[in-house]
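A.B. asks:
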Amino acid sequence: MQKFLPFFGTVLFFFVPVFGQKAESKSIRDIATPKGCVREEYPKGSYQEWLRDLDLKPDPRIFSYSGTEIKRELYNVHSVIAKPLLFENDLEQCADWGMRFWADYHRDSKNLSRLYLYNYSGKKRYYSSSGKDYLSFLKVSFDETNSWSVKKGAKTISEDKLVPGDMILQNENGGVGHLSVLMDSCSFADGKRLFLIGYSFMPAQEFHIERNPNRKDGWYDISSFVSYLKEYFPYGEPVFRRF
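Written out as structure tokens, the structure reads:
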């Protein structure tokens, strides 16, 4: 997303059904899977396992960078990631959270020498050669890039290869767009896969996992989430990307 909000970008959300409850799970890993659906295994120390260990807020309320509570009717909230915003301005929107998770994973893994994000055109920008400290590197990246940058720079992934950490991008021309992040996955014996998927939005705000209103457990299959995006986010055809 860009750092401004078009009028139509808010109105559409008032038609999204609303749900919300106090989180019973302490982390993403604790969120129950549907009956018969087993969490998929990923290597120890992987980005996927790191995402699963992210803590959840006990109360699924979303706050903006200004401390204002986001209206509940805007989303169908399953849970909210317990990561406070880093900056007291309108920076951490949807694409920025995708980049922040990736960066925080490298920091927590003590592997910052391999961390890269992108410039606006999608060219890799390495932390190690930036000459900046961690927060300054993130601030510049958040300020100068958006979902277009990630779409142009990240790897194209087919639907059948998606894993947690992969992103769903919508941005047709470099302006306003949207980015969602796959946070966890599980699969049935017949191979059908489900995902926990979340995003942030405008103004800059906390990251939440969106609840599938058609399933009590909240998990999405990819086709259903793509349909949801097409209906409520008029920012272009959803495509799949990976850092």
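Using full-length UniProt numbering, the first residue of the sequence shown is number 1, and each one after it goes up by one. We treat Cβ as the ideally placed atom computed from N, Cα and C, and that holds for glycine.
Assuming Gly153 and Lys124 form a contact by the criterion Cβ under 8 Å, report the distance between their Cβ atoms to the nearest whole angstrom.
C.D. replies: Position 153 of the sequence shown, counting from 1, holds the residue named residue 153. Position 124 of the sequence shown, counting from 1, holds the residue named residue 124. Confirmed, about 7 Å.
A.B. asks: Taking the C-alpha atoms as reference points, what is the distance between Val77 and Pro238?
C.D. replies: Position 77 of the sequence shown, counted from the first residue, corresponds to residue 77. Position 238 of the sequence shown, counted from the first residue, corresponds to residue 238. One C-alpha to the other measures close to 21 Å.
A.B. asks: Leaving aside the five residues before and after Gly36 along the sequence, list all residues of the same chain whose C-beta is less than 8 Å from its C-beta, in chain order.
C.D. replies: Numbered from 1 along the sequence shown, position 36 holds the residue referred to as residue 36. Excluding sequence neighbours, Gly36 sits near Phe188 and Ala189.
A.B. asks: What distance in whole Å lies between the Cβ atoms of Thr156 and Tyr120, which are believed to be in contact at a cut-off of 8 Å?
C.D. replies: Translated into the one-based positions of the sequence shown, residue 120 becomes position 120. Translated into the one-based positions of the sequence shown, residue 156 becomes position 156. Tyr120 to Thr156, Cβ: 19 Å. No contact.
A.B. asks: Val176: buried (16+ other C-beta within 10 angstroms of its C-beta) or exposed?
C.D. replies: Looking up residue 176 in the sequence shown gives position 176. It is buried - the Cβ of Val176 has at least 16 other Cβ atoms within 10 Å.
A.B. asks: Three or more C-beta pairs closer than 8 Å, one from the region 211-223 and one from the region 80-96: is that the case here?
C.D. replies: Output reads no: the region 80-96 does not touch the region 211-223.
A.B. asks: Since Phe201 contacts Gln93 with CB under 8 Å, what's their CB separation in whole angstroms?
C.D. replies: Residue mapping note: residue 201 aligns to position 201 of the sequence shown, counting from 1. Residue mapping note: residue 93 aligns to position 93 of the sequence shown, counting from 1. Phe201 to Gln93, Cβ: 7 Å. Contact.
A.B. asks: Roughly how many angstroms lie between the CA atoms of Ser113 and Asp143, to the nearest whole one?
C.D. replies: For the purposes of this step, residue 113 is taken as residue 113 along the sequence shown, with counting starting at 1. For the purposes of this step, residue 143 is taken as residue 143 along the sequence shown, with counting starting at 1. Approximately 22 Å, taken between the alpha carbons.
A.B. asks: Mapping DSSP to helix, strand and coil, what is Lys44?
C.D. replies: Taking the first residue of the sequence shown as position 1, residue 44 is located at position 44. In the structure shown, Lys44 sits in coil (DSSP, three-state: anything other than H, G, I, E or B).
A.B. asks: Using the rule of at least 16 other Cβ atoms within 10 Å of the residue's Cβ for burial, across every protein chain shown, is Tyr127 buried or exposed?
C.D. replies: In the sequence shown, counting from the first residue as 1, residue 127 sits at position 127. Result: buried.
A.B. asks: Which residue from Gly67, Asn171 and Lys26 puts its Cα closest to that of Pro203?
C.D. replies: As a working note, residue 203 is residue 203 in the sequence shown. Measuring from the Cα of Pro203, the nearest candidate turns out to be Gly67.
A.B. asks: Kindly indicate the opening and closing residues of the alpha helix (DSSP H) around Cys94.
C.D. replies: Here residue 94 refers to the residue found at position 94 when the sequence shown is read from its first residue. Its alpha helix (DSSP H) spans residues Cys94 to Asp108.
A.B. asks: Apart from the five residues just before and just after Phe137, which ones in its own chain have a Cβ nearer than 7 Å to its Cβ?
C.D. replies: Counted from its first residue, the sequence shown places residue 137 at position 137. Closer than 7 Å at Cβ, skipping near neighbours: Tyr127 and Ser130.
A.B. asks: Return the CA-CA distance between Arg39 and Phe225, expressed in angstroms with no decimal places.
C.D. replies: One-based indexing of the sequence shown puts residue 39 at position 39. One-based indexing of the sequence shown puts residue 225 at position 225. Spanning the two alpha carbons is a distance of roughly 19 Å.
A.B. asks: In the structure shown, what three-state DSSP assignment does residue 246 receive?
C.D. replies: Residue 246 is absent from the model: the chain starts at 1 and stops at 243.
A.B. asks: Determine the closest residue to Lys83 out of Val150, Lys57 and Tyr235, with distance taken between C-alpha atoms.
C.D. replies: Translated into positions along the sequence shown, residue 83 becomes position 83. Among Val150, Lys57 and Tyr235, the Cα nearest to that of Lys83 belongs to Lys57.
A.B. asks: How would you write the range of the beta strand (DSSP E) that Val80 sits in, first residue to last?
C.D. replies: Against the sequence shown, residue 80 aligns to sequence position 80. Element bounds for Val80: Val77 to Val80.
A.B. asks: How many Å lie between residue 258 and Glu210 at the Cα?
C.D. replies: The question about residue 258 has no answer, for the chain in this structure spans 1 to 243.
A.B. asks: So for Lys155, helix, strand or coil by DSSP?
C.D. replies: Taking the sequence shown and counting its residues from 1, one reaches residue 155 at position 155. It is a strand residue.
A.B. asks: Is it the case that the Cβ atoms of Lys192 and Asp160 are separated by a distance below 8 Å?
C.D. replies: Residue mapping note: residue 192 aligns to position 192 of the sequence shown, counting from 1. Residue mapping note: residue 160 aligns to position 160 of the sequence shown, counting from 1. Contact: no.
A.B. asks: Opposite Lys230 in the DSSP bridges: which residues?
C.D. replies: Counted from its first residue, the sequence shown places residue 230 at position 230. Paired residue(s): none; Lys230 is not in a bridge.
A.B. asks: Using the C-alpha atoms, what's the distance from Arg52 back to Met183?
C.D. replies: Position 183 of the sequence shown, counted from the first residue, corresponds to residue 183. Position 52 of the sequence shown, counted from the first residue, corresponds to residue 52. If you take the alpha carbons of Met183 and Arg52, they lie about 7 Å apart.
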